[in-house]
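Enquirer:
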Amino acid sequence: MQSVLEELNEKNNENDKLPNRDLCRVIEALVNPDYFLFDDKLNHSKALLDVKKVIKSSSLTLKIKADGQALVTFENGEYISTEIKEIDAIRTITFVPSTFKIPQKPINNKLISVMMPFNASYRGTFEAIKKVAEHMNLECLRADDIWGNSTFIQDIFDLIYCAKIIIVDFSEPNPNVMYETGIAHTLGKTVIPITQSLSDIPSDLGHHRVLKYLPNDEGYRNLKNELYKRIKTILQGD
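In my numbering, the protein residues as written are 1 to 238.
1) Does the segment 134-146 come close enough to the segment 107-120 to have 3 or more Cβ pairs within less than 8 angstroms?
2) Using C-beta distances below 7 angstroms, list every residue in its chain close to residue 219, excluding the 5 sequence neighbours before and after it, in chain order.
3) My understanding is that residue 171 touches residue 196, with C-beta atoms under 8 angstroms, so please give their C-beta distance in whole angstroms.
4) For residue 183, which residues in the same chain have their Cβ closer than 7 angstroms to its Cβ, ignoring the five residues on either side in sequence?
5) Looking at the structure shown, is residue 214 part of a helix, part of a strand, or coil, going by DSSP?
6) How should residue 193 be labelled, buried or exposed, when 16 other C-beta atoms within 10 angstroms of its C-beta is the threshold for buried?
7) Can you tell me whether residue 122 is buried or exposed, with buried defined as 16 or more other CB within 10 angstroms of its CB?
8) For the alpha helix (DSSP H) containing residue 180, name the first residue and the last one.
9) Three-state secondary structure (DSSP) at residue 223?
10) In whole angstroms, give me the CA-to-CA distance for residue 210 and residue 105.
11) Can you give the Cα-Cα distance for residue 120 and residue 101, rounded to whole angstroms?
12) Less than 8 angstroms between the C-beta atoms of residue 151 and residue 166, yes or no?
13) Take residue 198 and list the residues in its own chain whose beta-carbon comes closer than 7 angstroms to its own, dropping the five residues that flank it on each side.
14) Would you mind sorting residue 86 into buried or exposed? The rule is 16 or more other CB atoms within 10 Å of its CB.
15) What are the partner residues of residue 113, as DSSP defines its beta bridges?
16) Rank 187, 200 and 188 by C-alpha distance to the C-alpha of residue 169 and give the top, closest one.
17) Can the beta-carbon of residue 275 be found closer than 8 angstroms to that of residue 115?
18) Taking residue 132 as the reference, which of 232, 236 and 237 has the closest Cα?
19) Since residue 191 sits in a beta bridge, which residues does DSSP pair it with?
20) Taking 8 angstroms as the threshold (C-beta atoms), are residue 163 and residue 223 in contact?
21) If distances are taken between C-alpha atoms only, which option among 52, 98 and 124 comes closest to residue 216?
22) Write down the C-beta distance between residue 144 and residue 118 rounded to the nearest angstrom, noting that I regard them as a contact closer than 8 angstroms.
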């Protein structure tokens with residue numbers, strides 16, 4: 001076992017900074033608990049220790065899930081390999097965007113970012129969202145609340161990247177809002193769509209649960225109640 005891992009590990013270090021798929025699969029297969037069930041001569045705990053020792057030079061970590069299966073990750077958690085059963089694997093996408101710079105700041109689990117048209121008619125909507133955030137001890141920002149970069153779109157990307165939840169108002173179809181929603185979905189963010197008219201929701205997003213509201217006192221009050229329940233559910237699910 002050790003010789004196989006060392007050979008793959010050496011090959012991997014020569015070719016790439018990321019662990020290759022063969023290396024990850026071999027590591028995970030070697031410590032598959034199913035292989036240790038009916039052989040008293042095999043020691044699963046010792047196998048785990050041996051594998052962890054061998055892969056240490058690649059800055060890899062062996063994590064054991066609740067079902068006993070192993071998952072290989074970088075020590076900083078940035079990379080998750082395929083599991084033994086590829087169909088059940090958790091997949092992540094590693095990418096380097098050319099239009100944006102990845103912010104050098106952490107994800108803020110108490111931050112809600114709001115994407116909506118920037119005009120006075122949505123002031124009441126934004127105030128309603130802010131009221132909910134304040135009540136839940138959360139932070140709520142729009143892109144026009146910050147100025148940290150030389151370009152406005154980079155500020156928007158930073159806000160989406162760092163936020164826990166993205167609230168998107170699809171009222172009066174706005175191309176900028178659509179673009180920002182695409183960024184949020186690509187980054188794997190939790191998006192809460194709201195709108196004053198369901199007909200404004202693009203067909204591609206028709207399967208999402210949308211909060212419909214009216215732009216008046218009663219409508220804003222109902223929006224606050226529904227947003228509170230939705231956000232609470234999301235945060236309790238973590």
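The C-beta atom is built at its ideal place from N, Cα and C for all residues, glycine as well.
Expert: Taking the geometry as given:
1) yes
2) Along the sequence shown, read from residue 1 onward, the residue named residue 219 stands at position 219. Contacts found: 213.
3) By 1-based counting over the sequence shown, the position of residue 171 is 171. By 1-based counting over the sequence shown, the position of residue 196 is 196. About 4 angstroms; that satisfies the 8 angstroms criterion.
4) On the sequence shown, residue 183 is found 183 positions in, with the first residue counted as 1. Cβ neighbours of residue 183 beyond the five flanking positions: 157 and 160.
5) Here residue 214 refers to the residue found at position 214 when the sequence shown is read from its first residue. The answer is coil: DSSP assigns residue 214 none of H, G, I, E or B.
6) Reading the sequence shown from its first residue, position 193 is the one you call residue 193. Residue 193 should be labelled buried.
7) By one-based count along the sequence shown, residue 122 stands at place 122. Looking at its Cβ environment, which holds 16 or more other Cβ atoms inside 10 Å, residue 122 is buried.
8) Sequence index remark: in the sequence shown, residue 180 carries index 180 (1-based). First-last of the alpha helix (DSSP H) with residue 180: 175-186.
9) Within the sequence shown, the letter at position 223 stands for residue 223. Reduced to three states, the DSSP call for residue 223 is helix.
10) For the purposes of this step, residue 210 is taken as residue 210 along the sequence shown, with counting starting at 1. For the purposes of this step, residue 105 is taken as residue 105 along the sequence shown, with counting starting at 1. The straight-line gap from Cα to Cα measures roughly 30 angstroms.
11) For this step, residue 120 is matched to residue 120 along the sequence shown. For this step, residue 101 is matched to residue 101 along the sequence shown. The alpha-carbon atoms of residue 120 and residue 101 are separated by roughly 30 angstroms.
12) As a working note, residue 151 is residue 151 in the sequence shown. As a working note, residue 166 is residue 166 in the sequence shown. Taking a C-beta distance under 8 angstroms as the contact criterion, residue 151 and residue 166 do not qualify as a contact pair.
13) As a first step, residue 198 is located in the sequence shown; it is residue number 198 there, counting from the start. Hits under 7 angstroms: 210 and 212.
14) If you number the sequence shown from 1, residue 86 lands on position 86. Low local confidence applies: a pLDDT of 43 at residue 86 is under 50, so the model's placement there is unreliable, with the coordinate-based value given in what follows. Looking at its Cβ environment, which holds fewer than 16 other Cβ atoms inside 10 Å, residue 86 is exposed.
15) As a position in the sequence shown, residue 113 is number 113, starting the count at 1. In DSSP, residue 113 forms a bridge with 141 and 166.
16) Position 169 of the sequence shown holds residue 169. Selected option, being the one with the closest Cα: 200.
17) Because the chain here runs from 1 to 238, residue 275 falls outside it and cannot be looked at.
18) The residue you call residue 132 lines up with position 132 of the sequence shown. Checked all of 232, 236 and 237; the closest Cα to residue 132 is 232.
19) Mapped onto the sequence shown, residue 191 falls at position 191. In the DSSP output, where bridge partners are listed per residue, residue 191 has 166.
20) Sequence index remark: in the sequence shown, residue 223 carries index 223 (1-based). Sequence index remark: in the sequence shown, residue 163 carries index 163 (1-based). In this structure, residue 163 does not lie closer than 8 angstroms to residue 223 by Cβ.
21) By 1-based counting over the sequence shown, the position of residue 216 is 216. It is 124 whose Cα lies nearest to the Cα of residue 216.
22) What you label residue 144 is simply residue 144 of the sequence shown in a count that begins at 1. What you label residue 118 is simply residue 118 of the sequence shown in a count that begins at 1. The Cβ separation is near 6 angstroms, so the contact holds.
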